[in-house]
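The next block holds one structure in the form of structure tokens; read it before the comments.
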Amino acid sequence: MTSLEEVAAIRARCVVEAPAAPRPAAHAVTRLQLTRFRSYERLDLGVDARPVVLVGANGAGKTNILEALSWLQPGRGLRGATLADAERRAPSPAPLAQGWAVAAQATGPDGAVRLGSGLDAATGRRAVRIDGEVAGPMALSRHMRLAWLTPAMDRLFLEGPGGRREFLDRLTIALEPDHAVRLAAYEKAMRERRALLETGAPDGDWLAAAEARMAQDGVAVTLARLRTVAALDGASRDRAFPHGFPSAELCLVGGLEARLAQEDPSEVEGEFRSRLAASRARDAAAGRTLEGPHRSDLRVTHAEKAMPAGEASTGEQKALLVGLVLAFARLGRTMPVMLLDEAAAHLDPQRRRALCEAILALGMQAWLTGTDAALFSAFEGRAQLFTVEDGALAPRAA
Ligand SMILES: Nc1ncnc2c1ncn2[C@@H]1O[C@H](COP(=O)(O)OP(=O)(O)O)[C@@H](O)[C@H]1O
Ligand SMILES: [Mg+2]
40 MTSLEEVAAI RARCVVEAPA APRPAAHAVT RLQLTRFRSY ERLDLGVDAR
90 PVVLVGANGA GKTNILEALS WLQPGRGLRG ATLADAERRA PSPAPLAQGW
140 AVAAQATGPD GAVRLGSGLD AATGRRAVRI DGEVAGPMAL SRHMRLAWLT
190 PAMDRLFLEG PGGRREFLDR LTIALEPDHA VRLAAYEKAM RERRALLETG
240 APDGDWLAAA EARMAQDGVA VTLARLRTVA ALDGASRDRA FPHGFPSAEL
290 CLVGGLEARL AQEDPSEVEG EFRSRLAASR ARDAAAGRTL EGPHRSDLRV
340 THAEKAMPAG EASTGEQKAL LVGLVLAFAR LGRTMPVMLL DEAAAHLDPQ
390 RRRALCEAIL ALGMQAWLTG TDAALFSAFE GRAQLFTVED GALAPRAA
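Right, dumping it as structure tokens:
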């Protein structure tokens, strides 16, 4: 074969694509209405299921829009804020504490749904509505899947394990909503045990009961996290979807994790309970529980470079994170709405193009922000562009 023929043969092999997997149904927001939310007195925005790009100067109100969407999930939104923080602080003399609201129309695998979330001024508490009916925040995740990446997560691989655990727990909750319940139960039992130890002369039966619940929920929490890690690790290294981002190798490190690799969950649970009982004096002296899934760490490695993620460049870390959330998007039954705040800014032009192409290939409604429309040129008219300025959004040609 001449070298030209060789090249042609290689090219031919490259363009043969793997059969496309059936694309899961995607969630999409079609209308977003804000009332007294952060910098917006009022906003009424209609969009379609294509990606949404928000372009504007620093402080224009781009992240506020993404945050508003993130309140359509259980939890405290992508800024981890309080309900009061999110209320619009208008120049005085406008009174505070009038409440705020985020309302959305969305489509998903079960059809159209109206979601509402906000601060009810009368009660000072969170109010959630689904199709007009009062509901609890946890119910929101049954009607729409959301995932996000924010600049605050840029230091995820550099800082302590707490942020990585939170990241993993949020992804796990999105895949297994029960995880939120088990995690809260574990933490509650741990607080009760600490309060008992602080009394100096704790009731042994009460302590044993708290430790039994910690052991049971602690093992359940660890198993759920391990399932997410295994699925994410596989999806991140799946070459059938070469999305142009580095692959991540994931490993969850902790005492229970190591034991669960070798023993039955019931044995691990019993051992953990015994170890908690044996470490009462030590934990009482420390003022906290020194061992357990609240200390686990998610270790991430840049697979191609066999390098701990924390040692990769800022841009490589961003690319790893983007790759992880794209891998995560493909794990569930349905494609989430993805909020990508300033994600394009750290990426090189090739990766920016890869990001746009991956979003389009997945059929995902991503909401992206940036200070410059040129960052999103790879969408080539296949996204909806808005300029954010003076508390208002104006459509512009993509
Ligand atoms: N509760 C609030 N009430 C009124 N304005 C707020 C509130 N919280 C934040 N802001 C304002 O919102 C602006 C920041 O918006 P943001 O969406 O973060 O901007 P960016 O476009 O840079 O993402 C700032 O000017 C800030 O002062
Ligand atoms: Mg911002």
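Be aware that the sequence shown starts at 40, since it is given in my numbering, and climbs by one per residue.
Backbone N, C-alpha and C fix where the C-beta goes; we use that ideal spot for every residue, glycine too.
- Query: Any heavy atom of ligand 1 closer than 8 Å to the CB of Asp124?
  - Reply: yes
- Message: Our contact map puts Val92 next to Leu424 with C-beta atoms below 8 Å; I'd like the distance itself, whole angstroms only.
- Response: 5 Å
- CA-CA distance, Ala270 and Leu370? 7 Å
- Item | Chain-order list of residues whose beta-carbon lies under 7 Å from that of Thr189 (same chain, five-residue window excluded) | Leu117, Asp380
- Message: Pairs of beta-carbons, one from the segment 410–420 and one from the segment 215–228, closer than 8 Å: are there three or more?
- Response: no
- Would you say the segment 357–371 touches the segment 177–191, given that touching needs at least three Cβ pairs under 8 Å? yes
- Task: Kindly examine ligand 2 and report whether one of its heavy atoms sits closer than 8 Å to the Cβ of Ser408.
- Result: As written in the sequence, residue 408 is Thr, which differs from the Ser given in the question. Yes, Cβ of Thr408 sits closer than 8 Å to a heavy atom of ligand 2.
- Query: Which residues bound the alpha helix (DSSP H) around Ser204?
  - Reply: In the sequence under discussion, the amino acid at residue 204 is Arg, which differs from the Ser named in the question. Its alpha helix (DSSP H) spans residues 200–214.
- Message: Does the segment 85–104 come into contact with the segment 398–412, if we say contact requires no fewer than three beta-carbon pairs (one atom in each stretch) closer than 8 Å?
- Response: yes
- Task: Please state whether DSSP places Phe280 in a helix, a strand or coil.
- Result: coil
- Message: Cutting at 7 Å between CB atoms, please list the residues of its own chain near Glu428, excluding the five before and the five after it.
- Response: Gly95, Ala99
- Task: Report the option in Ile104, Glu302, Pro113 whose CA atom is closest to the CA atom of Leu432.
- Result: Ile104
- Message: Could you compute how far the alpha carbon of Lys344 sits from the alpha carbon of Ala383?
- Response: 22 Å
- Item | Limits of the beta strand (DSSP E) - the one that His341 falls within | 336–341
- Task: Between the Cα of Gly239 and those of Glu310, Ala140, Ala324, spot the shortest distance and give me the residue it belongs to.
- Result: Ala324
- Item | Enclosing alpha helix (DSSP H) for Ser180 [first to last residue] | 179–182
- Query: Looking only at C-alpha atoms, which of Arg321, Met377, Cys290, Leu399 sits nearest to Pro347?
  - Reply: Cys290
- Query: Cα-Cα, which of Arg252, Leu337, Val68 is closest to Arg230?
  - Reply: Arg252
- Message: Cutting at 8 Å between CB atoms, please list the residues of its own chain near Leu235, excluding the five before and the five after it.
- Response: Pro241, Asp242, Trp245, Leu246, Ala249
- Would you report the Cα separation of Arg221 and Pro130, rounded to the nearest angstrom? 43 Å
- Taking only the alpha-carbon atoms, compute the straight-line gap between Glu56 and Ala174 and give it to the nearest angstrom. Confidence in Glu56 is poor, its pLDDT being 42 and thus under 50, which makes the residue's placement unreliable; the coordinate value appears in the next sentence. Taking the straight line from one Cα to the other gives about 45 Å.
- Look at the alpha carbon of Ala393 and the alpha carbon of Asp256, and state the distance between them as a whole number of angstroms. 40 Å
- Does the segment 137–145 touch the segment 64–81, meaning 3 or more C-beta pairs lie closer than 8 Å? yes
- Inter-residue Cα distance where the pair is Ala368 and Val258: 26 Å
- Query: DSSP state of Met403, grouped into three classes?
  - Reply: coil
- Query: Hey, would you say Gly293 sits closer than 9 Å to Asp322, going by beta carbons?
  - Reply: no
- Around the C-beta of Leu315, are 16 or more other C-beta atoms found within 10 angstroms, so that it is buried, or is it exposed? buried
- Message: With distance defined between alpha-carbon atoms, name the residue in Arg203, Pro176, Gly199 nearest to Pro216.
- Response: Pro176
- Within 8 Å: the Cβ of Lys227 and any heavy atom of ligand 2? no
- Message: Please report whether the beta-carbon of Asn103 lies at a distance below 9 Å from any beta-carbon of chain C.
- Response: No chain C is part of this structure, which consists of one protein chain only.
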